[in-house]
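In what follows, a structure is listed as structure tokens, so that the remarks can point back to it.
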Amino acid sequence: MKLASFSLIVLALMSRTFFCQAEKPAQQTLLEALNGTKADLLCSHPNIKTNEYIYWYRQFSNQSLHLVASGFSGKLGDEKISLNIPKDNRKTSTLSFTKVTFEDQALYLCAVGDTVTQTSESLWQKPFLVNTAATIQRGKKGRCENSSLNV
């Protein structure tokens, strides 16, 4: 079997409101999974406020971020990718893949808070701060390298 690898960012995205909090969402830095198997990506957000949502993004190489799933609580998603946020304890979330494929190999990011603000005229996206990144070499067994990124 071939090995599909995933790369995650430890703290990927934060809204300005979340930046002031003491703790930040923490994720696994690397997940390796066999092609066709189930895989779970975990995120811890211990200081989540009662009105904040959880967002999971995916970024393919040389592409912009894409929202994969978001929610407040419960199990959301489809047959391939689902987001699970425990109703009684929203301090963690899990992005689950039913069957991992090579097309799923990307950078996955977890965020908490408001990422979009609505005004009477239009919608616009708040700026993000990216603290640390983990990268992986495509097609080879995963190797994690940390680097600092500024947006």
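Residues -22 to -1, 1 to 129 in mature numbering (1 follows the signal peptide of the UniProt record, and there is no 0) are what the sequence shown spells out, letter by letter. The C-beta atom is built at its ideal place from N, Cα and C for all residues, glycine as well.
Proximity winner among 56, 80, 52, 85, relative to residue 65 (alpha-carbon distances):
52
Suppose the cutoff is 6 Å on Cβ atoms and the five residues either side in sequence are ignored; what does the same chain contact list for residue 97 look like?
Unreliable positioning characterises residue 97 in this predicted model, as indicated by a pLDDT of 49, which lies under 50. The coordinate reading is nonetheless provided below. None.
Taking only three categories from DSSP, how would you classify residue 81?
helix
Thinking C-beta only, is residue 21 closer than 8 Å to residue 71?
yes
Grab me the residues of residue 26's own chain with a C-beta within less than 7 Å of its C-beta, minus the 5 sequence neighbours each way, in chain order.
68, 69, 90
Range of the contiguous beta strand (DSSP E) that encloses residue 74
70 to 75
Using CA atoms only, rank isn't needed, just tell me which of 83, 44, 45, 73 is closest to residue 57.
73
Length of the line joining the Cα atoms of residue 35 and residue 77
18 Å
According to the neighbour-count rule (16 or more other Cβ atoms, all chains shown, within 10 Å of its Cβ), is residue 87 buried or exposed?
buried
Determine the direct distance from the alpha carbon of residue 33 to that of residue 45, and round the result to whole angstroms.
7 Å
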